[in-house]
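Novice: So that we are looking at the same thing, I have put the structure below in structure tokens.
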Amino acid sequence: MSEHGTWRRVSREGRRFLRGRTRTLRRLALWSLLESAHTFLGGYAVARALDDGFLAGRTGTGIGWLAVAGVGALLGALALRGVFGGLADLVEPLRDGLVRRSVRQAIGLAVSDPARASRAGDSGAVSRLTQQTEMARDSFAGLVLIARSFVFTALGALLGLAALAPVLLVLVLPALLLGTAAFLATLRPMARVQRAALDADEALSGRTGELAAGLRDVIACGGGASAGAGIELLIAEQERLTGRLARWTALRTLALGVAGRLPVVVLLAGTPWLLGRGVSAGAVAGALTYLVQSLLPALDALMTAVGAAGTRLLVVLDRFCDPEAAPRPHPEPLAVDPGPVSGPPAPPAPTSPAVELRRVRFAYGPRAHPVIEDLDLLVRPGEHLAVVGPSGIGKSTLTALIAGLLPPGRGTVRVAGAPACGAPGRAAPGYGPDVRRTLLPQQAYVFTGTVHENLTHLCPGPVSRGEVERATAVLGADALVARLGGPDAVVDPGRLTPGERQHLALAAAYLSPAPLLLLDEATCHLDPRAEERAERALAERPGTLVVVAHRISSAVRADRVLVLDGTRAVCGTHAELPARSPLYRDLVGLWNAQG
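Quick note: the sequence shown uses our numbering, first residue 759, plus one each step.
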């Protein structure tokens, strides 16, 4: 909507709000009249103290008029006390009304357009309910307090100038109006920049929240560069808006200087002219008092408040008044963006192992005890390997080494014949998932988006609906997809159980073109039957499967089993390992006893 429409909408809502509080406004006005009296007496008493008192040789009269100015100061203090009492009756209902409106907007959107509400996320509604309502409350309170003070201070000062000598207004008002006009010219551009800054802030908040929720999986899938690119664009936009706001602030400061200093300069420069036309020295001193002590400080405070709190209040209220503007969705849901794909790299030679570790050592620190020591491992293409061992023995560390998340402290880790930590397997330099491998951790990554997007985000190109349906049927996830509303339904990760999230992530891995799948206890929240179905389907899929097993049944289904026991490792088939590994024999015995 245009700026004119924004102002019209906000002013209409503002008038409606104020019409319901005329009694409070009248009380504020009555207290503020005392402030006008304080201002009037401040300058007028100084003029009379000079002309009728000190300059006329009547010291007592001069002191009496100064005492009158002191009484005016007491009236101003009394007025301020009453104003603060009435201000709460005006400000708190505004905040309460904005909170109610924010809740109604969020509920109304969820009912009328649940897909948009889910895509928008909760951060925009939370921002309006907390940060933006408090911003509106504080801005409105400051603006009312300062604007009211300026109006009644200006009334008292201008009446005082007219009472002293009307010609004083001829010198003071033009300079005052010039600075004020220059200041008002900056308001709309600053409001526009403030609104854009709020939009950028909400978008950045939503994007970083989504990225943080799936950071490990984004890195594992090689999508760090593309996922971070969106963050960098939003940060750059915020930087650009900050620069624009700083430039408009500089212009506003210049306008403040004109309005706040030029009238004093004009009055002082015109003093000989005024004295030559019969204006008394006391009247000039009183006019200077009005300017320096009352009018110009009030104007400076008003311009500062309107320039900062006023534009901020206009922007925030517009977001509450405009049903189309709230909530504003973030950019599209975060997924691992495949980016520009120039075609997958040439397949490795048939003799290249799927995974190869040579004398690998890894420790979490230079003096830490090694988690993995002198490990040699060769996994052939198409092989199904299970990794077992006690908790904390290094199974997840091993998958992180193969996935390229951790560099080995010593030795080499290669995937499809290339270094695991290198980038030769990426779809394009710095972009897209690593087409050599896909890692599924225990905490499955599901993002706010459609079911289809969650199932295909590991694929570098488009995936047909038929392929998605076949994959979910093979994995046994078709019932879950139907319960969620079909491939086009929007997923709310917070409403899924851990097992449902794992089911969706396993289907996404099945559709991934990566020839190597790494499952780090990625089926731990599934029941044994669902786990068996998923593992068999992934094993029959073309490629290599490495499974960190939390049940021995997973090892039974594997071609080979790697047993990690401290820094020792034994690899073999399920049938031969009990004779070679006491740990594996104990694990199998415990499993048989429980079965």
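Every residue gets a Cβ at the ideal spot worked out from N, C-alpha and C, and that includes glycine.
Counting C-beta neighbours from all protein chains within 10 Å, is the total for Asp1285 16 or more, i.e. buried, or is it exposed?
Specialist: The residue in question, Asp1285, is exposed, as its Cβ has fewer than 16 Cβ neighbours within 10 Å.
Novice: Could you tell me which residues DSSP pairs with Val1319 in its beta bridges?
Specialist: Per DSSP, Ala1144, Gly1330.
Novice: Tell me whether the beta-carbon of Asp1317 lies closer than 8 Å to the beta-carbon of His1142.
Specialist: Yes, Cβ-Cβ distance for Asp1317 and His1142 is below 8 Å.
Novice: Alpha carbon to alpha carbon, how far is Pro1220 from Glu1227?
Specialist: Distance between the alpha carbons of Pro1220 and Glu1227: 14 Å.
Novice: Quick one: Cα of Pro1166 to Cα of Val1113, how far?
Specialist: One C-alpha to the other measures close to 14 Å.
Novice: Does the pairing of the segment 786 to 793 with the segment 1002 to 1009 give three or more beta-carbon distances under 8 Å?
Specialist: Not touching, per the Cβ criterion.
Novice: Among all the DSSP beta bridges, which residues are the ones paired with Ala1272?
Specialist: Answer by DSSP bridge pairing: none, since Ala1272 is not bridged.
Novice: Whole angstroms is fine: what's the gap from Ala1174's alpha carbon to Pro947's?
Specialist: Spanning the two alpha carbons is a distance of roughly 57 Å.
Novice: With a CB to CB cut of under 6 Å and the five nearest residues on each side skipped, what residues in its chain are close to Val1304?
Specialist: Excluding residues within five positions, the ones whose Cβ falls inside 6 Å are Leu1143, Leu1276.
Novice: Consult DSSP for Ile821 and reduce its assignment to one of helix, strand or coil.
Specialist: Helix at Ile821.
Novice: Is the beta carbon of Val1145 less than 8 Å from the beta carbon of Ile1130?
Specialist: Going by C-beta atoms, Val1145 is not nearer than 8 Å to Ile1130.
Novice: With 16 other CB atoms within 10 Å as the buried threshold, where does Ile821 fall?
Specialist: Per the 10 Å Cβ criterion, exposed.
Novice: Touch check for the segment 1014 to 1034 and the segment 922 to 937: three-plus C-beta pairs under 8 Å?
Specialist: These segments touch.
Novice: Where Val826 and Gly1044 are concerned, what is the direct C-alpha to C-alpha distance, given to the nearest angstrom?
Specialist: Their backbone Cα atoms lie some 14 Å apart in a straight line.
Novice: Please state whether the Cβ-Cβ distance between Ala1280 and Leu1233 is less than 8 Å.
Specialist: No, these two residues do not count as a Cβ contact at 8 Å.
Novice: Going straight from the alpha carbon of Glu1225 to that of Gln952, what length do you get?
Specialist: Each residue's alpha carbon lies about 47 Å from the other.
Novice: Per DSSP, which one or two residues make a beta bridge with Pro1177?
Specialist: According to DSSP, Pro1177 bridges with Arg1172.
Novice: If you reduce the DSSP assignment to three classes, tell me which class Gly1123 lands in.
Specialist: Residue state, collapsed to three classes: coil.
Novice: Less than 7 Å between C-beta atoms, sequence neighbours within five positions excluded: which residues of the same chain meet that for Ala1056?
Specialist: Within the same chain, Ala1056 has close Cβ partners Ser907, Phe908, Thr911, Ala912.
Novice: Which runs of the beta strand (DSSP E), 3 residues or longer, sit entirely within the segment 1237 to 1309?
Specialist: The segment 1237 to 1309 contains these whole beta strand (DSSP E) runs: 1274 to 1278, 1302 to 1306.
Novice: So, with DSSP's three-state summary, where would you put Pro1208?
Specialist: Strictly speaking, residue 1208 in this sequence is Thr, with Pro absent from that position. In the structure shown, Thr1208 sits in a strand (DSSP, three-state: E or B).
Novice: From the DSSP output, in three-state form, read off Thr1196 for me.
Specialist: Looking at Thr1196 - three-state DSSP - the assignment turns out to be strand.
Novice: Select from Thr1208, Leu945, Cys1217 the residue whose C-alpha is nearest the C-alpha of Ala1013.
Specialist: Among Thr1208, Leu945, Cys1217, the Cα nearest to that of Ala1013 is on Leu945.
Novice: By how many angstroms is the C-alpha of Pro1256 removed from the C-alpha of Gln1200?
Specialist: Near 9 Å, if we compare the C-alpha coordinates of Pro1256 and Gln1200.
Novice: Compare the beta carbon distance of Tyr1203 and Ala1272 with 8 Å and say whether it is the shorter of the two.
Specialist: Result no, Cβ atoms of Tyr1203 and Ala1272 do not sit closer than 8 Å.
Novice: Along the alpha helix (DSSP H) that carries Ile1130, what are the first and last residues, could you check?
Specialist: First-last for Ile1130: 1130 to 1137, but that is the beta strand (DSSP E), not the alpha helix (DSSP H).
Novice: When you compare only the Cα positions, how much space is there between Leu1025 and Met1061?
Specialist: Looking at the two C-alpha atoms, the distance is approximately 22 Å.
Novice: For the ligand SAH, is there a heavy atom less than 7 Å away from the beta-carbon of Val1118?
Specialist: Inclusion of the ligand SAH in the displayed structure is not the case, the ligand content being empty and no account of it being possible.
Novice: Starting from the C-beta of Ala1266, find all residues in its chain whose C-beta is less than 6 Å away, skip the five residues before and the five after it, and write them out in chain order.
Specialist: Once the five neighbours on either side are set aside, the close Cβ partners of Ala1266 are Leu1213, Leu1216.
Novice: For Pro1128, which residues from the same chain have a beta carbon less than 8 Å from its beta carbon, with the 5 sequence-adjacent residues on both sides left out?
Specialist: The residues are Arg1119, Phe1120, Ala1121, Gly1167, Thr1325.
Novice: Kindly identify the DSSP beta-bridge partner or partners of Arg1116.
Specialist: According to DSSP, Arg1116 bridges with Thr1170.
Novice: Measure the C-alpha to C-alpha separation of His1210 and Gln1260 and round it to an integer number of angstroms.
Specialist: For His1210 and Gln1260, the distance between alpha carbons rounds to 15 Å.
Novice: Please report how far the alpha carbon of Leu1348 lies from the alpha carbon of Arg1172, in whole angstroms.
Specialist: Their backbone Cα atoms lie some 35 Å apart in a straight line.
Novice: Quick one: grab the DSSP three-state call for His796.
Specialist: Looking at His796 - three-state DSSP - the assignment turns out to be helix.
Novice: Just how far apart, CA to CA, sit Leu1365 and Ser794?
Specialist: Here the chain comprises residues numbered 759 to 1353, so residue 1365 is not present and cannot be evaluated.
Novice: Can you give me the C-alpha to C-alpha distance between Gly811 and Gly834, rounded to a whole angstrom?
Specialist: If you take the alpha carbons of Gly811 and Gly834, they lie about 24 Å apart.
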